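Residue numbers (this note's numbering): -9 to 113. For glycine and all other residues, C-beta sits at the position ideal for the given N, C-alpha and C. From a predicted model like this one, the values you see are computed outputs, not experimental measurements. The structure appears below as structure tokens.
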Ligand code: HEM
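In structure tokens form, the structure reads like this:
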């Protein structure tokens, strides 16, 4: 019961992080002159904190350990650090610049790979 609650919360925060990343990138892309609203600056931090918190909670419940009994989880956490770094780069660079666009594409590849690893646990 608790497992399902935490897991579904984790997956909800996953969906929200992907939506907010896209919203921020595409708003900046379509209206480069307009700064993002305060809500769109604060909400992602709140959501990502909850994503991390539920992830740690799932580790506690499932006893999966990164590079211990769950290599997929270790790679997932490394990709998470890459997703954070590249996401910051994409959203700090001038809208429509090569840096912003490349950061967006790489960020999406990283986050979708994370979802794949968590879902299928291939190794
Ligand atoms: C961008 C960040 C993240 C994404 C996109 C993500 C994605 C997911 C998804 C989609 C699942 C459900 C997999 C399924 O369908 O069975 C999941 C489960 C899980 N995640 Fe995350 N996660 C993220 C961050 C984290 C973090 C930071 C941790 C740990 C510190 C973590 C630990 C776990 C664990 C232990 C499970 C449980 C797997 C299971 O019970 O089968 N996740 N994650």
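Best match in the options for proximity to residue i [C-alpha to C-alpha]
i, options, result
"residue 2", "40, 29, 28, 23", "40"
"residue -7", "14, 15, 49", "49"
"residue 8", "30, -5, 24, 20", "30"
"residue 79", "65, 68, 94", "94"
"residue 0", "113, 112, 104", "104"
First and last residue of the uninterrupted alpha helix (DSSP H) at residue i
i, result
"residue 34", "29 to 52"
"residue 98", "88 to 110"
"residue 113", "First-last for residue 113: undefined, no H or E at that position."
"residue -3", "-8 to 20"
For residue i, the residue or residues it bridges with in DSSP
i, result
"residue 60", "56"
Inter-residue spacing [alpha-carbon to alpha-carbon] between residue i and residue j
i, j, result
"residue 28", "residue 71", "24 angstroms"
"residue 73", "residue 54", "21 angstroms"
"residue 77", "residue 11", "8 angstroms"
"residue 22", "residue 14", "11 angstroms"
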